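Asker: Residue numbers (the numbering used here): 129 to 467.
Okay, here's the structure, questions in a sec.
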Amino acid sequence: MRFASDNTSGAAPEVMAAVLKANEGYDRSYGADAAMGRVTALVRKIFEAPEAVVHLAATGTAANALAIATHCQPWGAVFCHAHAHVAEDECNAPEFYSGAKLVLVPGDHGKMTVETLSSSLARTGESGVHGVQRGMLTLTNVTEAGTVYSVPEINALSALAKTYGLPCHLDGARFANALVTTNATPAEMTWKAGIDVLSLGGTKNGCLGVEAVVLFDPARAWEFELRRKRGGHLWSKNRFLSAQMEAYLTDGLWLRLAAHANAMGQRLADGLAQKGASQRHPVQANMQFPEWTEGTHARLEAAGAAYYRFPAPPGREAARLVTSWSTTATDVDQFLNAF
Ligand SMILES: Cc1ncc(COP(=O)(O)O)c(C=O)c1O
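Quick look at the structure:
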């Protein structure tokens with residue numbers, strides 16, 4: 129009953145096997161390893177993007193911060209949702225690496241809208257040399273509220289940003305979960321929808337620790353490499369990152385793991401709904417924010433459940449529950465029984 133986060137799970141056996149295999153013998157360092165070439169080929173095929181450039185990082189924060197720094201000048205505004213991970217949970221790493229300023233765009237259930245983005249864009253960059261300039265857009269899918277942007281929603285937001293000539297980044301720490309929900313292809317959710325650069329998560333969905341930065345515009349790739357090295361995120365034994373990513377993307381493992389995590393999320397949400405809990409946001413992937421009556425936390429925790437408590441109005445309690453590739457139906461049913 130461990131629902132604190134999908135990164136409290138271990139790594140999938142296929143990923144562990146690939147890492148052990150990568151440990152045999154010698155290989156070239158700093159991204160020149162054989163598996164890295166195969167990762168690039170896999171990503172290009174899966175994303176139908178023969179020109180895409182792929183680089184790996186060990187954390188999502190590094191992937192996001194470096195992707196943003198590569199696409200925004202220090203005087204630029206990075207438009208992000210008010211509760212985006214880049215704004216609330218990365219200790220200002222995006223600002224540190226880019227020198228740019230995050231501009232928080234409101235919106236219900238973790239999503240900005242064309243209206244809210246439009247008004248933030250209109251308010252920014254109007255005071256000439258004295259003010260922050262419009263820089264780029266960054267979206268998150270799955271969002272921090274556990275909701276999912278559809279492809280048409282991403283399209284509409286990126287099209288609006290492009291009217292100002294702004295590049296668009298997608299924080300896909302849970303990209304596979306969003307794909308499974310929408311049934312979109314990787315290309316449809318990214319470059320075909322106006323996304324220029326993607327942080328493609330692996331860690332939360334069955335890897336040990338790896339994220340891919342996919343640059344759909346190869347013109348930015350060298351700058352990204354320089355920034356990654358300068359920022360201390362070029363791994364010398366890159367082969368252990370590429371082995372994980374190769375196993376993750378091979379034979380649809382990434383989508384199978386995400387489909388399972390989402391299905392467990394739905395099972396949990398359905399069970400909680402039957403027992404009278406409400407949800408703060410629509411449950412669309414593997415993260416949910418239920419609310420229930422006072423006294424429930426104590427009962428669940430006494431039964432051994434682990435998750436984050438959230439503030440709630442008097443008489444109520446709230447939580448964040450995250451399911452993962454390794455959550456079992458038994459975990460979910462035990463939680464529901466304890467509830
Ligand atoms: C939406 C999102 N982006 C990025 C990250 C990056 O995480 P980390 O730097 O912890 O690997 C996370 C992790 O919680 C996340 O939820």
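Using N, Cα and C, we set each Cβ at its ideal position, and we do this for glycine too.
Quantities reported herein were computed from a predicted structural model and do not represent experimental measurements.
1. According to DSSP, what are the bridge partners of residue 446?
2. Mind checking residue 524: buried by the 16 CB within 10 Å criterion, or exposed?
3. According to DSSP, what are the bridge partners of residue 468?
4. Which same chain residues, not among the five before or five after residue 287, have their C-beta less than 8 Å away from its C-beta?
5. Note down the Cα distance separating residue 170 from residue 290, rounded to an integer number of angstroms.
6. Who does residue 328 pair with in a DSSP beta bridge?
7. If you follow the beta strand (DSSP E) that residue 185 is part of, which residue opens it and which one closes it?
8. I'd like the span of the beta strand (DSSP E) that includes residue 261, first residue to last.
9. What I want to know is whether the C-beta of residue 272 ends up closer than 7 Å to one or more non-hydrogen atoms of ligand 1.
10. Pull the bridge partners of residue 407 from the DSSP assignment, please.
11. Taking DSSP as the reference, what is the three-state secondary structure of residue 130?
12. Please tell me whether, using a cut-off of 7 Å, the distance from the CB of residue 237 to the nearest non-hydrogen atom of ligand 1 is below it.
13. Between the C-alpha atoms of residue 467 and residue 427, what's the straight-line distance to the nearest angstrom?
Answerer: So, from the listed chains and residues:
1. Indexing the sequence shown from 1 puts residue 446 at position 318. Residue 446 is bridged to 419, 438.
2. The chain is shown only over 129 to 467; residue 524 falls outside these bounds and no answer can be derived.
3. Lying before the first or after the last residue shown, residue 468 is absent from the chain, which here runs from 129 to 467.
4. Translated into positions along the sequence shown, residue 287 becomes position 159. Around residue 287: 322.
5. Sequence index remark: in the sequence shown, residue 170 carries index 42 (1-based). Sequence index remark: in the sequence shown, residue 290 carries index 162 (1-based). Distance between the alpha carbons of residue 170 and residue 290: 28 Å.
6. Within the sequence shown, the letter at position 200 stands for residue 328. BP columns for residue 328 point to 300, 340.
7. As a first step, residue 185 is located in the sequence shown; it is residue number 57 there, counting from the start. From DSSP, the beta strand (DSSP E) with residue 185 extends over 181 to 185.
8. Locating residue 261 in the sequence shown gives position 133, counting from the first residue. Segment 261 to 268, the beta strand (DSSP E) holding residue 261.
9. Reading the sequence shown from its first residue, position 144 is the one you call residue 272. Answer for residue 272: yes, Cβ within range of ligand 1.
10. Along the sequence shown, one-based indexing puts residue 407 at 279. BP columns for residue 407 point to 418.
11. The residue you call residue 130 lines up with position 2 of the sequence shown. Three-state result, residue 130: strand.
12. Numbered from 1 along the sequence shown, position 109 holds the residue referred to as residue 237. No; taking the cut-off as 7 Å, the Cβ of residue 237 has no heavy atom of ligand 1 nearer than that.
13. Counting from one through the sequence shown, the residue named residue 467 turns up at place 339. Counting from one through the sequence shown, the residue named residue 427 turns up at place 299. Cα to Cα, the separation comes out at about 7 Å.
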